[in-house]
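K.L.:
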Amino acid sequence: MLAAGTGALASACAASAAPTSGHVVPVDGSSRKDSDKALSERRMIHDYYTAYEKKDWNLMVPILADKFTFTSPAGDDHIDLKTYKERCWPNALKTKKFDLERVVIDNDDAFVTYNGWTTDGSLFRNTERFRFEDGKIVENECFFGPGVSFPNNKK
1 MLAAGTGALA SACAASAAPT SGHVVPVDGS SRKDSDKALS ERRMIHDYYT
51 AYEKKDWNLM VPILADKFTF TSPAGDDHID LKTYKERCWP NALKTKKFDL
101 ERVVIDNDDA FVTYNGWTTD GSLFRNTERF RFEDGKIVEN ECFFGPGVSF
151 PNNKK
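Per my numbering, residue 1 is the first one in the sequence shown, and the count goes up by one each step.
#1: Would you say Tyr52 and Ala92 are within 8 angstroms of each other, going by their C-beta atoms?
#2: Three-state secondary structure (DSSP) at Thr69?
#3: Taking 7 angstroms as the line, does the beta carbon of Thr127 fall inside it for any heavy atom of the ligand PLP?
#4: In angstroms with no decimal places, state the Cα-to-Cα distance between Val61 and Pro146.
#5: Alpha carbon to alpha carbon, how far is Tyr114 from Gly121? Give it in angstroms, no decimals.
#6: In chain order, what residues of the same chain have a beta carbon less than 7 angstroms from the beta carbon of Ser136, not counting five sequence neighbours either side?
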């Protein structure tokens, strides 16, 4: 019942590979402030997945809001931060790496599609939706793709 793709399983490939897709720029013209915000959100996404690869919860602390919630098809319905850490974070032990295929940031939302690998070489593919508020991640919804849906899956 661990959170999908460890909910946080979409690493920005540690520091080796940057996300490949760009920021969605509004037609009405975005300001430098908007651009800085998108860069900050992209950095949080990178740090989120890097935390799983490095098995370092301390990388999560500055980017997850106290009111953070996580949702996945594995029975996680807006679980709080404490439950997320207990239920989902153990996936980090079986997570080897993430390759972010697509990152789309639009205002306070981001969508990330990635391929992840477990320590035993299994591949899993998920898409996650992040929501940002006040400079932190307040919500993550994980949608499982084909393959192992998250590292501690018993399939």
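The beta carbon of each residue, even a glycine, is placed where N, CA and C say it ideally should be. Everything numeric in this text was worked out from a predicted model, so none of it was measured.
P.N.:
Once the coordinates are examined:
#1: yes
#2: Under the three-state reduction of DSSP, Thr69 is assigned to strand.
#3: The model depicted lacks the ligand PLP and carries no ligand whatsoever.
#4: 30 angstroms
#5: 15 angstroms
#6: Per the sequence shown, the amino acid found at residue 136 is Lys instead of Ser. Result list for Lys136: Ile63, Leu64 and Ala65, in chain order.
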